[in-house]
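Undergrad: Input: one structure, supplied below.
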Amino acid sequence: MDALDPIESVNTFIGTKDEGNTFPGASMPFGKAHSSPVGSHYAGYRYDDPVIRGFGHFFLSGAGCWEQGGLVPILPVSGGLPSSFDHKRYGARYTHDGEIGKPGYYKVKLDRDITVECTATTRAGVERYTFPSGTSGTLLVNVGQANDKEPVSASSIKVVDDRTITGSVETQAFCGGRPYVTHFTTRFDRPFREFGTWSPSGAKPGQRESAGGAGLRGAWVTFEPGPVTACTALSQVDAQGATNNLEAETAGKSFDEIRNEAQDAWRQELCCIEIETEDWDERAVFYTALYHVLLQPLTGSDADGRYRGFDNQVHHAEDWTYYEYYSLWDTYRAHNQLLALIRTQRSKDIARSVLAIHEQGGWLPRWAFANQETNCMTGDPVTPFLVDLWRFGHLKGFEDQAYRALLQNVDGVPPESSRFQGRSGNPTYLAKGFVQYDKRFPKKGQDTDPHHGASATLEYALADATLAIMAEELGHKEDAERLRKRGLNHRNLWDHSVADRGFTGFPRPKLQNGAWLSPFTPQGADGFHEGTAWQYQWLAQHDINGLITALGGKAAAEARLDDFFAYQDLLTDPKRTVREKWVVGPYDYYNQFRYNPNNEPDLHAPWMYALIGKPEKTSVVVRAAQTLFVNGPAGVTGNDDLGTMSAWYVFSVLGMYPAVPGTGEFVPHAPRFRRAVVHLENGKDIVIKAEAADTTKTQVVERIRSGWLSRAKDRIELAELRSGTTLEVDLHTLSN
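Shown next as structure tokens:
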């Protein structure tokens, strides 16, 4: 196998352009704090932004909403204080020449010959600022501003001594959530000679404290000539938590020591999968995707195990790690399963963390940001998310607790006093078998299910079918039977009178009284969340026979998939077809009839070919889709959504995909590389051999052989993978 250092194979600039919304700066695996540049984009850094406003200490990777952190940005300046303390005016220009983005390390040169290097521990972001020789340097510590479009509603800052600054920032949670407070402690490796603070009333040299509501606020510290290292630790528990985190993770360590520790941690994580390829760009795309997968969810507990729960009280995770920030509508489709396969212990703690949210908040989450539910997105993603963790064996000892929480979620609605929206369409869904389409339905946050009743119905049905599997195996036979029946509710929305592009029958929204929404077009927006009926029609992979019948039989289903993917064009010119015939823009959700590789609702659709008995076409589509992932700033599809698109790519490279939640089955397709090895935490290896693999050609699977079975395989079982296996894949190259 290739012995190249995976650290050197990662390009953290992939996804920093065209709304990929990743960040290039430093982080630890699953780190709570970061160190990365803040520009004018709401996600923090955008590759073509000419100015850096500071180096912030909290980010999300690939998310789509505006409020995304960038907390406590620090900017180095020389030659005196700026004329304005608004970072939109005092930002520094920089050059991409010499800019470095690797796991655990970022470096950039600003104007005035100032160099900034970034690294991180799990709970602290660390920078080394190098000023021109013989020049004193000043650091602007900004607590009144963060990423663009991230409102700061209150802030405080205090110069404690000649090396330490503390404070807090109250910012708005993701997607219009409630304000939450982050405490920080910043410590420098040498004393500063001057300091001061600023507030809406202006600059005050020598003043140690400033606090108040929204508005410009911060502190500056000026040093004698020479490099300065700043360590900024975060805590959502309290001020002491930030200081404890700083002491636990950075005390007595130099910048280089912290950087080496961070990169060693990343090296260990990234080595869990090895690939064989001589193509440097291919390596960069793969290992950067794996890197993006391993950034989240974020560590939520402090170094002492304390964390702030969904009841806003302080709790303690003893002998386990509490994780937070769950984009479940995205991650239940691929990211969750990849972590469950390659990161067993973390997945166990993730499962336990989600149950802690239920225990302390009273309901299961959908899009959990810090210690609150934002009610962002719709459907019921937490059910397949937890059922898959159960299927992978990561809920042992908590099965009954998880099942009770899931049953409460699928059968009920949170009380009006709860901040959780839950399955708000359940009253109609349980009574009539569908979620009504009602744009006037009240909501508690960003979204609510009746606003997208048709797609919510399909998501509910998938979730119910998934939970039925768990119910059956846990011995809850009656629950399993009724949940299986509810898993067929997607059929209630199938209107055989709707025709489009020569095809008849599509899912169609229903109103409260059961009437069809009219007028209606399968390419329109009404009733579907970030997609159309064309894209959502495939969200019935758990009931493939029912879907085939609705589509008019296997031949008709194949023909519709062919049109959906522009299959004939893929055979002749895959790279051009995916960029011209498929959905192109990251937010082009509606007025579409083709596959959208930039968003989640139809990520599994390429494997629908395999599920209807045409696996060779799955390989053709997947190989074409892989060309959208490239080694450059625009190298991911759409928002990376906390590693979801990257997880899709990793599975696509390995030649298997978890298309049907809860089953523990992976649908195979043509692997991308000649050889890949997945090292599991139980000491077993999954070896995937495809000696004829050629990324420049369109290839399909002829046969898969393993120690378990030697025949054409249409499924790969989780049990086989966890036991360690060698999959030998014979490929056939299609002539265009």
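Quick note on numbering: UniProt numbering labels position 472 of the sequence shown as 472, and the sequence is numbered without any gaps.
Glycine is no exception: its CB is placed at the ideal position from the N, C-alpha and C atoms.
1. Output the distance between the C-alpha atoms of Asn-682 and Glu-665, rounded to the nearest integer angstrom.
2. Please go through the same chain and pick out, in chain order, the residues whose beta-carbon is closer than 6 Å to the beta-carbon of Lys-109, but skip the five residues on each side of it.
3. Can you tell which of Val-181, Ala-431, Pro-132, Val-498 has its C-alpha closest to the C-alpha of Ala-154?
4. Going by C-alpha to C-alpha distance, which of Gly-212, Glu-194, Phe-192 sits closest to Ser-201?
5. Buried or exposed for Ser-735, going by 16 or more other Cβ atoms inside 10 Å?
6. Taking only the alpha-carbon atoms, compute the straight-line gap between Met-656 and His-335 and give it to the nearest angstrom.
7. Secondary structure at Met-28, three-state DSSP: helix, strand or coil?
8. Taking 8 Å as the threshold (C-beta atoms), are Gly-177 and Phe-369 in contact?
9. Provide the residue span of the alpha helix (DSSP H) that contains Asn-245, from first to last.
10. If you run the structure through DSSP and keep just helix, strand and coil, what is Thr-618?
11. Using only CA atoms, which one of Ala-120, His-394, Gly-445, Gly-361 lies nearest to Ala-405?
12. What is the residue span of the beta strand (DSSP E) that Glu-681 lies within?
13. Quick one: using the 10 Å Cβ neighbour count with 16 as the cut-off for buried, is His-183 buried or exposed?
14. Buried or exposed for Asp-495, going by 16 or more other Cβ atoms inside 10 Å?
15. Tell me Tyr-429's beta-bridge partners as DSSP assigns them.
16. Could you check whether Glu-691 and Arg-705 sit closer than 8 Å to each other, using their CB atoms as the reference points?
17. Indicate the three-state DSSP secondary structure (helix, strand or coil) for Ser-418 in the structure shown.
18. Do Ala-676 and the ligand HEM come close, with the Cβ less than 7 Å from some heavy atom?
19. Closer than 6 Å by C-beta to His-529: which residues in its own chain qualify, once you throw out the five before and the five after it? Chain order, please.
20. Report the rounded CA-to-CA distance for Arg-711 versus Phe-286, giving the unit in angstroms.
21. Is Arg-508 close to chain C? Criterion is C-beta to C-beta, closer than 8 Å.
22. My output table needs one value for Gly-39: the three-state DSSP class, helix, strand or coil.
23. Taking the DSSP output, what are the residues bridged to Lys-348?
24. Closest to Pro-658 by C-alpha separation, out of Leu-474, Asp-685, Phe-385, Gln-172, would be which residue?
25. Using the C-alpha atoms, what's the distance from Ser-78 back to Pro-225?
26. Of the residues Asp-500, Ile-342, Pro-103, Tyr-589, which one's Cα is nearest the Cα of Asp-526?
27. In terms of residue numbering, what span does the beta strand (DSSP E) encompassing Asn-545 cover?
28. Could you give the residue range of the alpha helix (DSSP H) that holds Gly-342?
29. Thinking just about the alpha-carbon of each residue, which of Lys-581, Asp-569, His-669 is nearest to the one in His-604?
30. Hey, could you find the ends of the alpha helix (DSSP H) Asp-563 is sitting in?
31. Using only alpha-carbon positions, find the residue among Lys-88, Trp-280, Ala-559, Tyr-105 that is nearest to Lys-149.
32. For the beta strand (DSSP E) containing Thr-232, name the first residue and the last one.
33. Considering only residues of the same chain and omitting the five flanking positions on each side of Tyr-649, which have a CB-CB separation below 6 Å?
34. Nearest-angstrom Cα distance between Lys-614 and Ala-555?
35. Any chance you could list the beta strand (DSSP E) runs of at least 3 consecutive residues sitting entirely within the segment 497-534, in chain order?
36. Give the secondary structure of Ser-710 by DSSP, where H, G and I count as helix, E and B as strand, and everything else as coil.
TA: Quick look at the numbers:
1. 19 Å
2. Thr-95, Gly-98, Thr-115
3. Val-181
4. Gly-212
5. exposed
6. 13 Å
7. coil
8. yes
9. 239-250
10. helix
11. Gly-361
12. Note, Glu-681: premise wrong, no beta strand (DSSP E); not H, not E.
13. buried
14. buried
15. Note: Tyr-429 sits in no beta bridge, so no partner.
16. no
17. coil
18. The ligand HEM is not part of this structure, which contains no ligands at all.
19. Thr-378, His-452, Ser-455
20. Note on Arg-711: pLDDT 46, under 50, position unreliable in the model; the coordinate value appears next. When rounded, the distance between both Cα atoms is 29 Å.
21. The chain inventory of the structure shown lacks chain C, comprising one protein chain alone.
22. coil
23. Partner(s): none; Lys-348 has no beta bridge.
24. Phe-385
25. 10 Å
26. Tyr-589
27. Asn-545 -> not in any beta strand (DSSP E); alpha helix (DSSP H) instead, spanning 544-551.
28. First, the residue type needs correcting, since residue 342 is Ile and not Gly in the sequence shown. Taken as a continuous stretch (DSSP letters only), the alpha helix (DSSP H) holding Ile-342 covers 335-342.
29. His-669
30. 554-565
31. Lys-88
32. 228-235
33. Ala-289, Phe-629
34. 10 Å
35. 503-507
36. Confidence at Ser-710 is low in this model, with a pLDDT of 45, below 50, so the placement of that residue is unreliable and no value is reported for it.
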